[in-house]
């Protein structure tokens, strides 16, 4: 995996043989699908949600997830196969400059402008929330799903 970071406008990238990810100061990341490391001319899938420039990104060693770190003080996790948003990791009070996966892909280490390092259990994630207060939550009978309802008049499953 190769990476380069310049949070002032240059793109950085993470590379797997079949995928390339790039991040930029336009608050987005892009997931490019390649075959045998060669771009086949496909348009990248844009990964949106950060509120500031992306400083660093890294694929997990098992190739299942992509993590993006940002000046917005957060880390976002994505499914590296289809680009689906998985979770946001919050806890830093300064820009997150660097991230690194543990060799077994279970933990994610982050370094921030707030002078702290954090170790995240990447398998424990927050679920996407609501735009306003959450009033009710419950589990499905089989324990596989959760549902929530809130002031934003949405029911999320």
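Numbering (UniProt numbering), first residue to last: 1 to 157.
Note that the Cβ used here is the ideal one computed from N, Cα and C, for glycine as well.
The Cβ-Cβ distance between residue 94 and residue 112 falls below 7 Å.
Across the set 153, 154, 30 and 156, the C-alpha of 30 shows the shortest separation from the C-alpha of residue 66.
Judged by DSSP in its simplified three-state form, residue 106 adopts coil rather than helix or strand. Ranked by Cα distance from residue 115, the first of 92, 131 and 107 is 92. If you draw a straight line from the Cα of residue 141 to the Cα of residue 50, it is about 34 Å long.
Leaving aside the five residues that flank residue 107 on each side, the residues in its chain whose CB is nearer than 8 Å to its CB run, in chain order, 101, 119, 120, 121 and 122. The closest CA to that of residue 43, considering only 75, 20 and 27, is found on 20. In terms of Cβ geometry, residue 60 and residue 105 form a close pair [threshold 7 Å].
In this structure, the alpha-carbon of residue 147 lies about 16 Å from that of residue 87. Within the same chain, Cβ atoms closer than 6 Å to the Cβ of residue 156 are found at 148, the five residues on either side in sequence being excluded.
Residue state for residue 81 is assigned as coil, using DSSP reduced to three classes.
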